[in-house]
Amino acid sequence: GAVVSQHPSRVICKSGTSVKIECRSLDFQATTMFWYRQFPKKSLMLMATSNEGSKATYEQGVEKDKFLINHASLTLSTLTVTSAHPEDSSFYICSASPSGRAYEQYFGPGTRLTVT
Amino acid sequence: SQQGEEDPQALSIQEGENATMNCSYKTSINNLQWYRQNSGRGLVHLILIRSNEREKHSGRLRVTLDTSKKSSSLLITASRAADTASYFCATYPRDFGNEKLTFGTGTRLTIIP
């Protein structure tokens, strides 16, 4: 149980275009989902916390207009990188938390984004 | 900013040896968790230790927590090649209203067959 999927696993896009990453909790409902960014050989940096049906809460320094997060249902959250630039290239990981247990997160396999 | 610092940053040992990684943090915690990440993959939860616990075991894993020193250690006994991965500690705060995990910098463990 507690499986989280991400799609796509790998994406290459051209500079200036937008790309959407999906995060799904497959066998549980997730009131809260988290989006992280990870640079090579570095730790995970929390970008934003999304709660189903409400606006995401972004961490300091993360541009909300650039990284659009939608949490439309209890099993799906999406991250859209708008007008992508090469510096947005990174590994993006989502996690999902069952209702009322935010300290318990189940992580997706990650999405490698390369912007050319 | 990341509050956890893992030590060492990288560790290479022979298969069969024990591996010890340390994590230090700065604020009061409700619990501390250890995760494993294989190269280019997501995180796998290994073990959670609460602030009122001092030691916890799970298979070949042994975690200790010293809240007075704000530090934790992860011991992997009888290492295997499959243990090669990055290991991260993550702290969950004691204070309400700040419910998020804060990850450490990670230790890259290489097991030499």
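Those sequence lines, one after another, are chains A and B.
Residue numbering for the first sequence is 3 to 118, as defined by our numbering.
Residue numbering for the second sequence is 222 to 334, as defined by our numbering.
Glycine is no exception: its CB is placed at the ideal position from the N, C-alpha and C atoms.
Check	Outcome
Proximity below 8 Å, CB of Thr323(B) to CB of Thr312(B)	yes
Inside the region 34 to 91 of chain A only - beta strand (DSSP E) runs reaching at least 3 residues	46 to 53, 69 to 75 and 78 to 83
Ala306(B) beta carbon less than 8 Å from that of Asn259(B)	yes
Per-residue contacts from Gly261(B) into chain A (C-beta, under 8 Å)	Phe93, Gly112 and Arg114
Local conformation of Ala4(A) per DSSP, three classes	coil
Neighbourhood of Glu274(B) by C-beta, 8 Å cutoff - its chain only, sequence neighbours within 5 removed	Leu286
Cross-chain neighbours of Gln107(A) in chain B, by beta carbon under 7 Å	Leu322
Residue environment, Gln223(B), which counts as buried when at least 16 other CB atoms sit within 10 Å	Legend: pLDDT at Gln223(B) = 36, less than 50; position of this residue unreliable, value from coordinates given subsequently. When all chains shown are included, Gln223(B) counts as buried.
Member of Asn251(B), Ser233(B), Val284(B) and Leu296(B) whose CA lies at the smallest distance from the CA of Gly318(B)	Asn251(B)
Three-state class that DSSP yields for Gln223(B) in the structure shown	Caution is warranted here: a pLDDT of 36 is assigned to Gln223(B), below 50, making its placement in the model unreliable, and the coordinate value is therefore given only provisionally. In the structure shown, Gln223(B) sits in coil (DSSP, three-state: anything other than H, G, I, E or B).
Against chain B: residues of the region 46 to 57 of chain A by CB proximity under 7 Å	Leu46, Leu48 and Thr51
Under 9 Å from the C-beta of Gly318(B): neighbouring residues of chain A	By Cβ distance, chain A contributes nothing, its closest Cβ being about 11 Å from Gly318(B), past 9 Å.
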